[in-house]
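Numbering (my numbering), first residue to last: 3 to 404. Where is the CB? At the ideal position from N, CA and C, for every residue including glycine. Everything numeric in this text was worked out from a predicted model, so none of it was measured.
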């Protein structure tokens, strides 16, 4: 374990990541994060609706998660480069436990907002901690498939977490998601003790600014910003659309999630293998975003379980590819010693995209128009995918992967 703070000169990880005999700990930590927090992100709208919050209020409250991340994630990322990232993970897990205990006890909108902000801070701590450690440790050899496995952990956590969450909602009620959250957060705390450490360095703030001004960094930030707008739409509208517009039960919603997550794991692994074999990701990235946007738009035409499953499987075929490729691009764009702060900045920008999409979705859903946010975000993604395909050569030059 590294206990001293070292002066950072260049990239201390040059030649590859830190050796870690237990590399599966990273997918497992990502699994627990998704099992806990993504379950909240998808099912909290149902809970808020059940306690009388209207659609605009739901959008506003849900947007406090990304708003908190927007404010905190960059400094937390720098913190993860300068202190033991395991401590960052542990504090995030403890916060997640208290979030699950507090949220079902509050009744006023002000108290709900305060607890949501607390939950967003806890989520940010855990998320930036596990990602900083992963990017510092991942080796250059087979980077694509290693990244895909890390992504697979989150997909499996989202699928199983939401499957259990849907089952519990049917049998106990929407408040059951907090019982699940507290137990999974306790597991997060225990698993965090198994996480490896990494060197700590004295890094100047100006070093991050130099990294982020590079064309490759600007491209990665811009692409992930666009992608996260559709994620923000789904956090607010997904479960409400399935329940209110399509008429699915909680168990059916959970089944949709586990089917889609398993599907994304498969295509994410394919994407990782594709990157390792070709290292020409930009064409695939543009096609994946374009494809995903088309079926995001078409989701509004789902009218039963079968059509909903088909349209979401078609949509997430693209998601599985671009999620992994984007993470690979993050890993190759920034120095490992500063990846915590740089990744934190990317997530800061992306959470602003989610914050905007959360609130826009809340406004668009007024009058029970639960499908409209999907159509708007679908159009945005289609345009972004076309732009990437038309700008492929300059993007490749900027990324230095021609």
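In chain order, what residues of the same chain have a beta carbon less than 8 Å from the beta carbon of residue i, not counting five sequence neighbours either side?
{"i": "residue 3", "result": "Unreliable positioning characterises residue 3 in this predicted model, as indicated by a pLDDT of 34, which lies under 50. The coordinate reading is nonetheless provided below. Only 86 and 199 meet the Cβ criterion."}
{"i": "residue 265", "result": "315, 318, 319 and 322"}
{"i": "residue 397", "result": "221, 284 and 390"}
{"i": "residue 402", "result": "218"}
{"i": "residue 329", "result": "149, 152 and 153"}
How would you write the range of the alpha helix (DSSP H) that residue i sits in, first residue to last?
{"i": "residue 236", "result": "217-242"}
{"i": "residue 128", "result": "111-139"}
{"i": "residue 177", "result": "Per DSSP, residue 177 belongs to no alpha helix (DSSP H) and is neither H nor E."}
{"i": "residue 361", "result": "341-366"}
{"i": "residue 2", "result": "As shown, the chain starts at 3 and ends at 404. That puts residue 2 outside it, with no answer to give."}
{"i": "residue 58", "result": "57-64"}
{"i": "residue 86", "result": "Per DSSP, residue 86 belongs to no alpha helix (DSSP H) and is neither H nor E."}
{"i": "residue 45", "result": "41-52"}
{"i": "residue 322", "result": "307-335"}
{"i": "residue 143", "result": "Segment: none, residue 143 is in no alpha helix (DSSP H) and carries neither H nor E."}
{"i": "residue 388", "result": "374-392"}
{"i": "residue 426", "result": "The chain is shown only over 3 to 404; residue 426 falls outside these bounds and no answer can be derived."}
{"i": "residue 438", "result": "Since the first residue of the chain shown is 3 and the last is 404, residue 438 is not available in this structure."}
CB-CB under 7 Å to residue i, same chain, minus the five flanking residues each way: which ones, in chain order?
{"i": "residue 23", "result": "Any reading at residue 23 must be qualified, since the residue scores a pLDDT of 48, below 50, and its modelled position is unreliable; the value itself is stated next. So no residue of the chain qualifies."}
{"i": "residue 368", "result": "57 and 58"}
{"i": "residue 150", "result": "270, 271, 273, 274 and 326"}
Does the distance from the C-beta atom of residue i to that of residue j stay below 8 Å?
{"i": "residue 286", "j": "residue 327", "result": "yes"}
{"i": "residue 176", "j": "residue 49", "result": "yes"}
{"i": "residue 300", "j": "residue 313", "result": "yes"}
{"i": "residue 102", "j": "residue 184", "result": "yes"}
{"i": "residue 294", "j": "residue 383", "result": "yes"}
{"i": "residue 236", "j": "residue 307", "result": "no"}
{"i": "residue 351", "j": "residue 227", "result": "yes"}
{"i": "residue 186", "j": "residue 46", "result": "no"}
{"i": "residue 459", "j": "residue 344", "result": "One cannot answer for residue 459 here, as it falls past the ends of the chain, which runs 3 to 404."}
{"i": "residue 127", "j": "residue 94", "result": "yes"}
{"i": "residue 165", "j": "residue 260", "result": "yes"}
{"i": "residue 105", "j": "residue 90", "result": "no"}
{"i": "residue 179", "j": "residue 161", "result": "no"}
{"i": "residue 379", "j": "residue 231", "result": "yes"}
What residues in its chain sit with their C-beta under 6 Å from that of residue i, if we drop five residues either side in the sequence?
{"i": "residue 354", "result": "72"}
{"i": "residue 257", "result": "none"}
{"i": "residue 156", "result": "32 and 36"}
{"i": "residue 143", "result": "none"}
{"i": "residue 457", "result": "Since the first residue shown for the chain is 3 and the last is 404, residue 457 is missing from the structure and cannot be characterised."}
Our contact map puts residue i next to residue j with C-beta atoms below 8 Å; I'd like the distance itself, whole angstroms only.
{"i": "residue 338", "j": "residue 137", "result": "6 Å"}
{"i": "residue 238", "j": "residue 60", "result": "7 Å"}
{"i": "residue 289", "j": "residue 387", "result": "7 Å"}
Between residue i and the ligand ADP, is there a pair consisting of the residue's CB and a ligand heavy atom that are separated by less than 7 Å?
{"i": "residue 69", "result": "The model depicted lacks the ligand ADP and carries no ligand whatsoever."}
Does residue i come within less than 8 Å of chain B when only Cβ atoms are used?
{"i": "residue 175", "result": "Chain labels in this structure do not include chain B; a single protein chain is all it has."}
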